[in-house]
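Encoded as structure tokens, the structure appears first; notes follow it.
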Amino acid sequence: MFTGIVEEVGEIADVRSDGDVVVLTVRAALAAEVRHGESIAVNGCCLTAVVDHEGADVLTLELVPETMKRTSLGAVGGGSAVNLERAVPAGGRLDGHIVQGHVDGVGTLVSRTPGERSDEVRFALPAELDRYVVEKGSIAVDGVSLTVAARYPDGFGVALIPTTLADTTLGARRPGDPVNLEVDVIAKYVERMTAGYLPGSAQEGDAR
1 MFTGIVEEVG
11 EIADVRSDGD
21 VVVLTVRAAL
31 AAEVRHGESI
41 AVNGCCLTAV
51 VDHEGADVLT
61 LELVPETMKR
71 TSLGAVGGGS
81 AVNLERAVPA
91 GGRLDGHIVQ
101 GHVDGVGTLV
111 SRTPGERSDE
121 VRFALPAELD
131 RYVVEKGSIA
141 VDGVSLTVAA
151 RYPDGFGVAL
161 IPTTLADTTL
171 GARRPGDPVN
181 LEVDVIAKYV
191 ERMTAGYLPG
201 SAQEGDAR
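Just so we're aligned: 21 in the UniProt record's numbering is position 21 of the sequence shown, and the numbers increase by one with no gaps anywhere.
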């Protein structure tokens, strides 16, 4: 589990194919503390770290076709910046919100309105995710825990504080850029658990 609080912005050092697997090499200071097999969120996508040399400043991550199909990581190349977060330890502080690192869909940055020190940014999201996004609720965008500031017919808006602009990749995102989205997992579980009680549901009788 993650919190959506980005620890570091890493840099893609290499992208290569190994059969049907895409192998990313990421350069980051936190790589020196990552052990082989640990989970790490890369732009909000939970991946398993392959550490070839303990204490090195690079780590290797393997992406299967499912990951390439469901996330924006297929678009990264050498030199791309990526948000990185290690899994939160049991008993650790939950500073953002509950983030699983399971990308629900790929959205698009529609527009950004710079302020004196903050930015208002609008995103479009896949129609099937619309019902999970509520004003003042939580959403992870490229692994960054954000609060939904506004809802629109085709998406949502957020307000980015100076720290988010400086310490994550969202400060450099431009209109048209794809972003990984993870909606609030609690909303998905509530929907699933209450589905049988809704009028017209095939499970309505069983739910009672």
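Glycine residues also receive a C-beta, built at the ideal position from the N, C-alpha and C atoms. Remember, predicted model here, so these are calculated numbers, not experimental data.
If distances are taken between C-alpha atoms only, which option among K188, Y197, R173 and E62 comes closest to V99? Across the set K188, Y197, R173 and E62, the C-alpha of K188 shows the shortest separation from the C-alpha of V99.
Should the stretch 61-80 be regarded as contacting the stretch 10-25, the criterion being three or more beta carbon pairs within less than 8 Å? Contact between the stretch 61-80 and the stretch 10-25 is present, with at least three C-beta pairs closer than 8 Å.
Please name the residue, chosen from A31, V15 and E62, that lies closest to A56 on a Cα-to-Cα basis. Sorting A31, V15 and E62 by C-alpha distance to the C-alpha of A56 places A31 at the top.
Leaving out five residues on either side along the sequence, give the residues of the same chain with a beta carbon under 8 Å from the beta carbon of A123. Position check: residue 123 holds Phe in this sequence, whereas Ala was assumed. Exclusion of the five residues before and after F123 leaves G107, T108, L109, V110, V141, G155, F156, G157, V158, V179 and L181 as the residues of its chain whose Cβ lies within less than 8 Å of its Cβ.
Can you have a look at Y132 and say buried or exposed, based on whether 16 or more other CB atoms are within 10 angstroms of its CB? By the neighbour-count rule (16 or more Cβ atoms within 10 Å), Y132 is buried.
With a floor of 3 residues, list each beta strand (DSSP E) that falls wholly inside the UniProt domain "Lumazine-binding" (98-194), ordered by position along the chain. Taking only runs of at least 3 residues, the beta strand (DSSP E) segments lying wholly in the UniProt domain "Lumazine-binding" (98-194) are 105-114, 119-124, 138-141, 144-147, 150-152, 155-160 and 178-183.
Drop a sphere of 10 angstroms on the beta-carbon of E116, count the other beta-carbons inside from all chains shown, and report buried for 16 or more, exposed for fewer. Exposed.
In the DSSP assignment, find the beta strand (DSSP E) that holds E7 and state where it starts and stops. Looking at the DSSP string, E7 is not in any beta strand (DSSP E), and its letter there is neither H nor E.
Secondary structure, alpha helix (DSSP H): runs of 4+ residues fully inside the UniProt domain "Lumazine-binding" (1-97): The qualifying runs are 65-70.
Going by beta-carbon coordinates alone, are V26 and G37 separated by less than 7 Å? Result no, Cβ atoms of V26 and G37 do not sit closer than 7 Å.
Give a yes or no on whether the minimum CB-CB distance between D14 and chain B is below 7 Å. Given the protein chain composition of this structure (a single chain), no chain B is represented.
Alpha carbon of S17 to alpha carbon of M68, nearest angstrom: If you draw a straight line from the Cα of S17 to the Cα of M68, it comes to about 12 Å.
Residue closest to T113, alpha-carbon to alpha-carbon, out of P126, L165, A90 and E191: Taking only the C-alpha atoms, the option nearest T113 is L165.
Nearest residue (CA-CA) to T48, options I5, M1 and I186: It is M1.
Which same chain residues, not among the five before or five after G96, have their C-beta less than 7 Å away from its C-beta? Result list for G96: T3, G4, I5 and S145, in chain order.
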